[in-house]
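Read top to bottom, the protein sequences are chains P and V. Note that the first sequence ends on residue 493 in our numbering; no numbers are left out. Note that the second sequence ends on residue 986 in our numbering; no numbers are left out.
Protein chains: 2
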Amino acid sequence: MPATAYTQLCDHVREVALLSSMESTLSWDQETYMPAKALSYRARQMSWLSGKAHAMATGRMMQKLIQQAQAARLPSEAMSRNVRVMAEDFERNARIPNRLVVEESELTAHAKHAWAEARRTSDFSLFAPHLEKLLGIARKKTDLWGYADEPYDALLHTYERGTRTREVAELFARLKPELTRTARAAVEKSKSVKPNLLRGRYPVEKQKQLNAEIAASIGFDFGAGRIDTTAHPFCTTLGPRDVRLTTRYDESDFTSSLFGVLHEAGHGLYELGLPEEDFGLPSGRACSLGIHESQSRLWENHVGRSRAFWQRWLPRAAEFFPHLKKLSLDDFLAAIHRSEYSFIRVEADEATYDLHILLRFDIERRLVSGTLAVKDVQEAWNALFAELFGMTPPDAARGCLQDIHWSMGGLGYFATYTLGNLNAAQLFASARRQKRIATAIDAADYGPLLAWLREKVHAQGGDPLPGEIMRHATGKTTDASHHLRHLHTRFVA
Amino acid sequence: MPATAYTQLCDHVREVALLSSMESTLSWDQETYMPAKALSYRARQMSWLSGKAHAMATGRMMQKLIQQAQAARLPSEAMSRNVRVMAEDFERNARIPNRLVVEESELTAHAKHAWAEARRTSDFSLFAPHLEKLLGIARKKTDLWGYADEPYDALLHTYERGTRTREVAELFARLKPELTRTARAAVEKSKSVKPNLLRGRYPVEKQKQLNAEIAASIGFDFGAGRIDTTAHPFCTTLGPRDVRLTTRYDESDFTSSLFGVLHEAGHGLYELGLPEEDFGLPSGRACSLGIHESQSRLWENHVGRSRAFWQRWLPRAAEFFPHLKKLSLDDFLAAIHRSEYSFIRVEADEATYDLHILLRFDIERRLVSGTLAVKDVQEAWNALFAELFGMTPPDAARGCLQDIHWSMGGLGYFATYTLGNLNAAQLFASARRQKRIATAIDAADYGPLLAWLREKVHAQGGDPLPGEIMRHATGKTTDASHHLRHLHTRFVA
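Take a look at the structure:
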């Protein structure tokens with residue numbers, strides 16, 4: 001009975017996903033509602049779950065079930081693909097000894113605190129020794145995993161399966177002059193836009209109502225998700241029909257929480273569009289971070305910052321916030337398309353965002369290859385920042401200490417933000433090639449667009465490689481031209 | 494090394510508590526924030542946890558650890574008591590096969606939603622099949638546990654360790670004429686009180702602020718707990734420093750949410766007063782529901798509905814709700830001491846509340862003994878209600894569908910509410926016998942009262958029997974005279 005070996009393997013993998021989903025639920029609660037003194041017990045609950053999940057995902061039983069399924073003649077290609085990806089995951093996980101997992105988890109617990117303190121006091125030397133250790137662990141992992149060209153490949157693979165560092169480096173090198181030019185032109189052009197066009201009071205309760213209305217209108221199902229408030233917005237999946245978004249509110253600018261919601265709702269729509277019955281299996285999970293980010297960026301930027309969108313929603317927003325009635329659609333669009341160089345990535349606009357990523361990718365790659373020493377990170381960061389932005393971060397907090405990623409061991413992650421931007425523009429352009437979809441988009445009706453994304457991207461699950469998803473949806477692997485054209489049209493032309 | 498066997502046993506039992514605490518966290522989320530479509534996956538998460546906890550609490554390892562600890566010479570009586578209770582728990586749990594636990598957990602997840610829908614549409618037939626199944630499980634459990642006089646004993650023991658159905662039935666039979674008389678007199682007397690003295694608009698946000706201020710003032714620590722909104726108020730413990738209360742809001746009556754908060758905060762203060770370092774062990778858990786309810790009732794009724802309390806808080810409430818300024822303290826007290834027959838237990842005032850319990854105890858006892866069929870519950874309920882209250886529930890939502898308990902498998906639970914009322918009056922009277930405490934109470938300063946409760950009740954943990962706690966704190970086991978005297982003073986005299 002070939003199905004039996006496969007079913008047993010799937011049951012096991014689904015149980016690991018069940019444990020991880022509980023950990024996600026506890027983590028969501030920790031970020032949203034948990035009282036402060038509950039922290040230490042919560043940490044014990046979560047480490048129990050992650051320990052158990054790791055043990056199940058890397059244990060003898062898992063190995064046996066994979067071998068049985070590999071030996072069986074499976075009746076469908078979909079099953080074979082799932083087994084192939086599960087075997088790859090297992091191989092990868094099993095190469096990391098448990099003591100390294102424990103060591104990393106202890107290190108990151110300390111590193112996160114050190115990073116927060118270093119950022120608070122803007123003192124990179126407080127964080128440097130921790131980064132050194134985390135880098136050491138990352139290098140050990142790349143040695144254990146193995147890699148084709150350079151160690152960074154193995155880290156990138158964690159987030160963007162099958163993508164090579166060299167490809168990304170070449171892509172980014174080609175993009176750099178064009179992105180730098182576009183950013184400069186956008187910033188220059190924005191100087192004629194009055195800076196405080198949207199200034200006013202936006203009560204949080206009204207922002208929540210408008211955000212919910214808009215999220216529902218693009219297809220986010222509040223029967224299978226919700227929006228809460230946190231200091232740092234995120235989207236997390238607690239089960240196949242349970243996606244939690246968060247945002248933060250600025251009472252002087254309603255677009256801050258709204259674009260946050262559109263971004264996270266883009267992630268959420270992807271998660272809710274994955275094959276529900278395959279939850280926990282490769283075929284039921286997201287493909288890569290570069291594909292995930294394409295969904296958030298598409299809804300945030302290509303939909304949420306478009307003229308058609310605001311033609312529909314500005315009048316509605318003005319019902320919640322009456323002072324907006326004085327603003328023309330053109331003025332409003334000029335305000336939300338205003339571009340400005342910022343030291344901080346998460347505050348950057350579309351036209352300047354990718355420069356922040358190019359910088360981080362370059363620094364990380366050199367760190368991992370050993371051509372940049374940890375002690376020289378701040379200097380290298382500032383030099384590269386000056387080259388790209390024409391200004392120098394006034395302190396480390398607004399420079400190399402601004403992101404939490406390294407303190408969590410997340411080396412190899414940043415490139416996926418720009419890959420997401422490129423994929424978003426490419427997918428949006430492909431969808432628009434269908435007249436029916438373009439007409440609907442121009443009328444701020446996003447049903448056909450979402451249906452297209454569900455079929456072409458979401459329903460594909462996570463067993464194809466990112467490039468395969470892009471080729472299936474658009475006929476080509478990731479191609480930067482759409483993103484560049486989009487930026488040029490919106491910010492320069 | 495005698496301590497080793499004991500320590501190993503405690504580690505194991507604490508791990509079971511860790512799993513249960515995760516289940517509580519998922520359950521809290523289900524009641525407060527979880528989107529509706531997440532239900533079925535949530536049910537799987539929770540049944541995994543309860544199955545695992547049950548397996549650990551009833552497995553060979555547990556048995557071996559208990560036997561080792563029993564064989565060891567333990568250096569303290571406290572340790573011996575813990576081992577004794579753990580062994581009792583083990584005996585009881587081990588008799589329930591794992592598949593029955595899993596079955597019950599899955600059933601209740603669905604039954605809770607069916608109950609909500611049945612209550613919404615006031616259609617008992619939607620809930621009856623679920624109740625039938627849950628009753629079947631309860632009966633199976635009583636058979637497996639065994640019992641002295643009748644199956645209901647085994648259920649009652651779950652909530653009120655060591656208490657017999659017959660004792661409670663006799664106590665309730667003795668109370669019935671007095672309680673009926675007091676209720677009638679209170680209702681009669683209240684007819685002279687204008688019914689809408691408190692009428693006004695009470696915005697939810699302001700209620701939340703006032704409630705939080707009052708909860709903090711009686712000692713509830715918002716660093717270790719919070720208050721959320723649910724249809725049915727509850728208190729649940731997610732960890733040694735994590736207690737979650739809920740209440741519901743009536744915009745035309747602020748006292749409804751406030752008394753809910755005082756009640757649940759009473760439970761919460763008990764949980765937070767238990768020995769933190771013994772979390773998960775018998776010595777670190779609550780004694781019984783009848784003791785638990787004594788804490789909620791004490792804070793809700795003996796503190797929260799007293800003249801001294803409102804002497805302090807009415808002026809503050811009037812700052813939030815200015816129309817209250819017109820009301821004298823006497824009028825306000827008359828309003829909150831107004832007694833009225835109500836169809837709904839949770840809306841019932843002190844003078845009529847216990848009649849609701851006598852009714853439920855009788856119905857449940859007959860259901861469990863098999864002398865009442867599920868299909869006849871509504872009729873039996875209405876008949877008994879008419880006997881006790883002189884009126885008939887107009888529909889099932891205001892009759893046998895009003896309580897969530899059965900949908901959670903909570904048969905055998907209700908009697909503990911009246912036991913709690915009796916214990917509350919008795920504990921409050923004992924505390925007041927100390928002049929220093931009485932003087933503070935009369936000045937609405939509850940620090941000394943809370944300190945007394947912490948020492949006499951909370952710190953005792955859960956290894957003594959309820960009667961032992963009461964004797965330790967008051968010199969006597971549960972004694973109805975204090976409660977009857979309290980009701981008479983407040984409502985009749």
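Idealized CB from N, CA, C, for every residue including glycine.
Start and end of the beta strand (DSSP E) containing residue i?
i       : result
L388(P) : It is not in any beta strand (DSSP E) - L388(P) instead sits in the alpha helix (DSSP H) that spans 377-389.
L624(V) : That residue, L624(V), is in no beta strand (DSSP E); its alpha helix (DSSP H) goes 617-638.
G960(V) : Element bounds for G960(V): not the beta strand (DSSP E) but the alpha helix (DSSP H), 959-967.
T730(V) : 728-732
Where residue i and residue j are concerned, what is the direct C-alpha to C-alpha distance, given to the nearest angstrom?
i       : j       : result
S749(V) : G797(V) : 12 Å
D582(V) : S513(V) : 15 Å
L155(P) : T108(P) : 17 Å
R365(P) : Y152(P) : 6 Å
V595(V) : D842(V) : 38 Å
Y534(V) : M963(V) : 43 Å
Q700(V) : L751(V) : 8 Å
M901(V) : L593(V) : 14 Å
N916(V) : S923(V) : 10 Å
H725(V) : D253(P) : 37 Å
T371(P) : A562(V) : 59 Å
K194(P) : N421(P) : 27 Å
S125(P) : C400(P) : 11 Å
T658(V) : S821(V) : 45 Å
S50(P)  : G280(P) : 15 Å
T675(V) : L848(V) : 11 Å
Name the DSSP bridge partner or partners of residue i?
i       : result
T722(V) : T740(V)
D735(V) : G732(V)
Note the first and the last residue of the continuous alpha helix (DSSP H) segment covering residue i.
i       : result
E264(P) : 254-273
V861(V) : 843-862
H979(V) : 974-980
W945(V) : 940-949
S533(V) : 532-551
G913(V) : 908-925
M466(V) : The question about residue 466(V) has no answer here: the residues shown for chain V are numbered 494 through 986.
V661(V) : 658-683
Q702(V) : 697-710
L648(V) : 644-652
V101(P) : 98-121
D395(P) : Element bounds for D395(P): n/a, residue is neither H nor E.
G442(P) : The displayed chain sequence assigns Asp, not Gly, to residue 442(P). Where D442(P) is concerned, the enclosing alpha helix (DSSP H) stretches over 435-442.
For a contact meaning CB atoms closer than 7 Å, what does residue i contact in chain A?
i       : result
L511(V) : Absent here is chain A; the protein component of the structure consists of chains P and V.
Going by the C-beta, is residue i closer than 6 Å to any heavy atom of the ligand FMN?
i       : result
H472(P) : For the ligand FMN, the structure offers nothing, since it holds no ligand at all.
With a cut-off of 8 Å, do at least 3 Cβ pairs link the stretch 670-680 of chain V to the stretch 828-842 of chain V?
Because the criterion of three Cβ pairs below 8 Å is met, the stretch 670-680 of chain V and the stretch 828-842 of chain V touch.
Does the stretch 383-393 of chain P come within contact of the stretch 435-454 of chain P, defined as at least 3 CB pairs closer than 8 Å?
No: fewer than three Cβ pairs fall under 8 Å.
Do three or more CB pairs link the stretch 75-82 of chain P to the stretch 373-381 of chain P at distances below 8 Å?
The answer is no - the stretch 373-381 of chain P does not touch the stretch 75-82 of chain P, with fewer than three Cβ pairs under 8 Å.
Give, in chain order, every unbroken run of the alpha helix (DSSP H) that is at least 4 residues long and sits entirely within the stretch 270-334 of chain P.
Complete alpha helix (DSSP H) runs here, min 4: 289-297, 307-320.
Quick one: any contact between the stretch 244-264 of chain P and the stretch 217-229 of chain P, if contact means 3 or more CB pairs under 8 Å?
The stretch 244-264 of chain P, when compared against the stretch 217-229 of chain P, does touch it at the 8 Å Cβ threshold.
Assess, as a yes-or-no matter, whether the stretch 524-534 of chain V is touched by the stretch 475-493 of chain P under the definition of 3 or more beta carbon pairs within less than 8 Å.
Contact between the stretch 475-493 of chain P and the stretch 524-534 of chain V is absent, because fewer than three Cβ pairs lie under 8 Å.
Check whether the stretch 305-323 of chain P touches the stretch 114-127 of chain P, taking contact to mean three or more Cβ pairs, one atom from each stretch, closer than 8 Å.
Result no; under three Cβ-Cβ pairs closer than 8 Å.
Does the stretch 611-631 of chain V come into contact with the stretch 908-918 of chain V, if we say contact requires no fewer than three beta-carbon pairs (one atom in each stretch) closer than 8 Å?
These segments do not touch.
For the structure I just gave you, are there three or more beta carbon pairs, one from the stretch 210-217 of chain P and one from the stretch 4-15 of chain P, closer than 8 Å?
No contact exists between the stretch 210-217 of chain P and the stretch 4-15 of chain P.
Touch test, the stretch 159-166 of chain P against the stretch 423-434 of chain P, Cβ-Cβ under 8 Å, three pairs minimum:
Contact between the stretch 159-166 of chain P and the stretch 423-434 of chain P is absent, because fewer than three Cβ pairs lie under 8 Å.
Should the stretch 459-470 of chain P be regarded as contacting the stretch 270-288 of chain P, the criterion being three or more beta carbon pairs within less than 8 Å?
When C-beta atoms of the stretch 459-470 of chain P are compared with those of the stretch 270-288 of chain P, three or more pairs fall below 8 Å, so the two segments count as touching.
If you pair each beta-carbon of the stretch 233-240 of chain P with each one of the stretch 258-278 of chain P, do three or more pairs fall below 8 Å?
These segments touch.
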